[in-house]
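Colleague: Per our numbering, the sequence shown runs over residues 2 to 658. Backbone N, C-alpha and C fix where the C-beta goes; we use that ideal spot for every residue, glycine too. Please read all numbers here as calculations on a predicted model, not as lab measurements. Let me begin by handing over the structure; questions about it come next.
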Amino acid sequence: MTSGTMTDPSPRLFRFAVLGPLRAWRGGDQLDLGPIRQQALLAALLLRPDLPVSRRELLDGVWGTEPPGSGSKIVPVYVHRLRRCLGTLGEGPHDSVIGRDRGGYRFVGGGARVDAMRLDRLAAEAATAGRSGDLEAAVKAYARALGLFQGEPLAGLPGPFAEAERLRLEERRLTLLQEKAECQLRLGRHVEAAAELHALTATHQHSEPLAALLMRALYGSGRQADALAVYAQLRRRLVDDLGVEPGERLRRVHQAVLRADDETLGLVPRREPAGANREPAAPRHEPAGADGEPAAADRDRARIPRTAPQARRVPDELPADAGEIVGRDEELALLTGGAGGAAVTVAAVDGVAGAGKTALAVRAARSMCGGHPDGCLFVALHGHSERRDAVSPERVLRRLLRAIGVQDSSDDLDELVAFWRSATAGLRLLLVLDDAAGADQVRPLLPAGAGSRVLVTSRHRLVGLDVDRRVSLGPLAPEAAEALLARIVGGRRAEAERDAVRELARLCDRLPLALRIAGARIQSRPAWTIGHLAHRMADDDRRLEELTAEDRSVEAAFRLSYLRLPAAERHAFRALGRAPAVEIGHRTLAATLGWAAHRAERALENLVDASLVQQPSAHRYLLNGLVALYARRLAAEERHVAGRGGLVAVRSTPGGF
2 MTSGTMTDPS PRLFRFAVLG PLRAWRGGDQ LDLGPIRQQA LLAALLLRPD LPVSRRELLD
62 GVWGTEPPGS GSKIVPVYVH RLRRCLGTLG EGPHDSVIGR DRGGYRFVGG GARVDAMRLD
122 RLAAEAATAG RSGDLEAAVK AYARALGLFQ GEPLAGLPGP FAEAERLRLE ERRLTLLQEK
182 AECQLRLGRH VEAAAELHAL TATHQHSEPL AALLMRALYG SGRQADALAV YAQLRRRLVD
242 DLGVEPGERL RRVHQAVLRA DDETLGLVPR REPAGANREP AAPRHEPAGA DGEPAAADRD
302 RARIPRTAPQ ARRVPDELPA DAGEIVGRDE ELALLTGGAG GAAVTVAAVD GVAGAGKTAL
362 AVRAARSMCG GHPDGCLFVA LHGHSERRDA VSPERVLRRL LRAIGVQDSS DDLDELVAFW
422 RSATAGLRLL LVLDDAAGAD QVRPLLPAGA GSRVLVTSRH RLVGLDVDRR VSLGPLAPEA
482 AEALLARIVG GRRAEAERDA VRELARLCDR LPLALRIAGA RIQSRPAWTI GHLAHRMADD
542 DRRLEELTAE DRSVEAAFRL SYLRLPAAER HAFRALGRAP AVEIGHRTLA ATLGWAAHRA
602 ERALENLVDA SLVQQPSAHR YLLNGLVALY ARRLAAEERH VAGRGGLVAV RSTPGGF
């Protein structure tokens, strides 16, 4: 081994290994890469070849939330040391494998060989061989690719970047192992596949795809009982550890093993002992994978499932029905009304938080399932979620493609949209897109099949989305609100306190979410009367607190809508909370905030689109009910902070707060 400061004048022939502990060689000599953080910084450059990486990105990727006291100044020091370790310190800045680039650094990919890059080439070679039907060559290429792994990738390296890459490369390894096993099964090498899959399932004990492959391999080896035992053991682990049953695809493999259905399992005929009189089964074309989709090596060629019509899975992802929908008959009829068969029908449901948009969309979808023989899909877009960010269209499209049996791993949005439209051109789907953040999140997800329907829910009015029907939900009618409360608390109890039910419905602003929370609280307090809760809620200062039950909260729902607003709209909303009247004009708001009239009007119109403000007539805006209570609470908090010196002025700058 040579010293880390070697300055070999011979041409550079660098080799780097990341599919295990990070190692480097120059020529035939292994290099000492220095301290562990220094190695982590090298990995952060190495795995982004020919891409400039800023000092800040390197600092965050290597040190995460615990940066050194010197901040990003440490990065040039580490780069200098790495160049010395690599023996390129005396070379020109353009000759080093670590170059300077636009305020950061760049690893020059042409100056080295990296095992991760070879992994990509071998994986592509294996996929190409599989598509051409040369499964023997595919298995060999997969084996060479997997042989590059020498333990845990980037073993021992600290920092968020190394951890993320470690997970990505481990997932890549698992995918390659599964694709290799698929090819082995198609070749009839069941015993060989079973031996390798046994080791994998021991370390991935909740993996249904691996269990499906192992079951097929065992069955193909003549071990039907062992294959069934794999299913039984996995089901027990899923139920005991996670509280879930196996998915539909694994259940289908289980049923195929029970029926000895080689066709569904995608297996070549099992070899019989010498002298057996069994007729060999005819070879099958285009064998399917464990889940009824094209086998892994054929996926790029088979963008659209080619399974036999009788075996094709029809997905139904709609959530469980929440029960009777009260007071929304007209809206339900509008959503489920007839549509022409020559185009995709899009309907949008918007409204204030807690108005029951999701429940209405799911009920409408349930009633229309029979007219969509190719499946009913449901996607939560998390446009207003406290626990996670809105889901990107790319991620949703990959999930939708998988749901209809199309496998594609592209990261390019345009390419994914093209795959989705091509795959759905001949399908009649029902798609529910719940809680959209905006029109731009929805447009790429629209299917292409004539007769398909899309139901979109959002707190925003999605005026940028072309739709056939729009339904805006507000509070329920008084009779419907009282009926919903009565159904929850019980008819006898409600009948005994009719006036209290009416008052409680009013205090809940007749919003389904508030009514359900209030009803649940009465259900759980047998000693309470309905009037008791109404009395507690009569105090405006505590009403929002009363409308909280575990993870459901009216105030939290409003807060999520408020926090998604731009700064100017948030400022205008707080100002409405300070207004003495519930109805206000845009010129009054402009005078209050010191804004131009057109700016105040634009802010108010955006609040209308966000379902936080009502518009009874042009240039008049209304804030009432529980939303008004929330606005007043925000205004009071703002005054409190201002009183403590937290705000410089009441009026905003042109950019808002």
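1. Indicate the three-state DSSP secondary structure (helix, strand or coil) for residue 17 in the structure shown.
2. Measure the Cβ-Cβ separation of residue 661 and residue 356 and say whether it is below 8 Å.
3. Residue 99 lies in the beta strand (DSSP E); which residues open and close that run?
4. Tell me whether the region 171-183 and the region 39-46 touch, counting them as touching only if at least three CB pairs, one residue from each stretch, are closer than 8 Å.
5. Looking only at its own chain, which residues have a Cβ that is under 6 Å from the Cβ of residue 347, when we skip the five neighbours before and after it?
6. Quick check on DSSP: helix, strand or coil for residue 26?
7. Using DSSP's beta-bridge definition, name the partner residues of residue 618.
8. Give the single residue among 49, 440, 86 whose Cα lies nearest to the Cα of residue 31.
9. Within this structure, are the beta carbons of residue 392 and residue 446 separated by less than 8 Å?
10. Looking only at its chain, what residues have a beta carbon closer than 7 Å to the beta carbon of residue 285, apart from the 5 residues adjacent to it on each side?
11. Mark residue 510 as exposed unless 16 or more other C-beta atoms lie within 10 angstroms of its C-beta, in which case mark it buried.
12. Using 8 Å for Cβ pairs, my map puts residue 452 next to residue 429. What's the rounded Cβ distance?
13. Note down the Cα distance separating residue 604 from residue 631, rounded to an integer number of angstroms.
14. Would the beta-carbon of residue 19 fall within 8 Å of that of residue 47?
15. Quick check on the DSSP output: the beta strand (DSSP E) that includes residue 474 runs from which residue to which?
16. So the beta strand (DSSP E) residue 348 belongs to, where does it begin and stop?
17. List the residues that DSSP assigns as beta-bridge partners of residue 509.
18. Going by C-alpha distance, which of 59, 65, 107, 26 is nearest residue 53?
19. What are the boundary residues of the beta strand (DSSP E) that includes residue 370?
20. Please work out which residues of its chain come closer than 7 Å, Cβ to Cβ, to residue 119, disregarding the five sequence neighbours upstream and downstream, and give them in chain order.
21. So, for residue 201: in the same chain, excluding its five sequence neighbours on each side, which residues have a beta-carbon less than 7 Å away from its beta-carbon?
22. So, under 8 Å CB-CB, residue 628 and residue 353 are touching, yes? Tell me the CB distance rounded to an integer number of Å.
23. Going by DSSP, which residues form a beta bridge with residue 208?
24. Can you tell me the Cα-Cα spacing of residue 75 and residue 386, whole angstroms?
25. Buried or exposed for residue 1, please, with buried defined as at least 16 other CB atoms from any protein chain shown within 10 angstroms of its CB.
26. With DSSP as the reference, identify every bridge partner of residue 317, one or two as the case may be.
27. Closest to residue 367 by C-alpha separation, out of 64, 317, 395, 411, would be which residue?
28. Between residue 402 and residue 239, what straight-line distance do the alpha-carbon atoms span, to the nearest angstrom?
29. Within 10 angstroms of its Cβ, does residue 621 collect 16 or more other Cβ (buried), or is it exposed?
30. Going by the DSSP bridge assignment, what does residue 106 pair with across the sheet?
31. Since residue 515 contacts residue 548 with CB under 8 Å, what's their CB separation in whole angstroms?
32. In the structure shown, what three-state DSSP assignment does residue 435 receive?
33. Would you say residue 471 lies against chain C (beta-carbon separation less than 8 Å)?
34. Exposed or buried, which one is residue 154 when buried takes at least 16 other CB atoms within 10 Å?
35. Quick one: give me the first and last residue of the beta strand (DSSP E) that residue 586 is part of.
36. With DSSP as the reference, label residue 628 as helix, strand or coil.
Modeller: If we stick to the structure as given:
1. It is a strand residue.
2. Given a span of 2 to 658 for the chain in the structure shown, any question on residue 661 remains unanswerable.
3. For residue 99, the uninterrupted beta strand (DSSP E) run begins and ends at 99-102, by DSSP.
4. Pairwise C-beta distances place the region 171-183 out of contact with the region 39-46, as fewer than three of them are shorter than 8 Å.
5. So the list reads 455, 468, 469, once near-sequence residues are dropped.
6. In the structure shown, residue 26 sits in a strand (DSSP, three-state: E or B).
7. Per DSSP, 621.
8. Looking at the Cα atoms, 86 is the closest of the given residues.
9. No, these two residues do not count as a Cβ contact at 8 Å.
10. In this prediction, residue 285 has a pLDDT of 35, which is less than 50 and means its spatial position is unreliable; what the coordinates show is noted afterwards. Cβ neighbours of residue 285 beyond the five flanking positions: 264.
11. Residue 510 sits buried, since 16 or more C-beta atoms from the chains shown fall within 10 Å of its C-beta.
12. About 4 Å separates the two Cβ atoms, so the contact holds.
13. In a straight line, the C-alpha of residue 604 is about 18 Å away from that of residue 631.
14. Taking 8 Å as the Cβ cut-off, residue 19 and residue 47 qualify as a contacting pair.
15. Note, residue 474: beta strand (DSSP E), 470-474.
16. Boundaries of the beta strand (DSSP E) around residue 348: 346-352.
17. DSSP, once it has assigned bridges, lists no residue as partnering residue 509.
18. Ranking the options by Cα distance to residue 53, first place goes to 107.
19. Unbroken run through residue 370: none, as it is neither H nor E.
20. Here the set comprises 149.
21. The answer, listed in chain order, is 178, 211.
22. Confirmed, about 7 Å.
23. Answer is none; residue 208 lacks a bridge partner.
24. One C-alpha to the other measures close to 38 Å.
25. Residue 1 lies beyond the residue range present for the chain, which begins at 2 and ends at 658; the question has no answer from this structure.
26. Checking the DSSP bridge columns, you'll see residue 317 partnered with 377.
27. Selected option, being the one with the closest Cα: 317.
28. Cα to Cα, the separation comes out at about 25 Å.
29. Exposed is the call here.
30. In the DSSP assignment, residue 106 forms a beta bridge with 54, 101.
31. Indeed they touch by this definition, with Cβ atoms about 5 Å apart.
32. The answer is strand: DSSP assigns residue 435 an E or B state.
33. No chain C is present in this structure, which holds just one protein chain.
34. It counts as buried.
35. Counted as a single uninterrupted DSSP element, the beta strand (DSSP E) harbouring residue 586 occupies residues 584-586.
36. Residue 628: helix per DSSP, three-state reduction.
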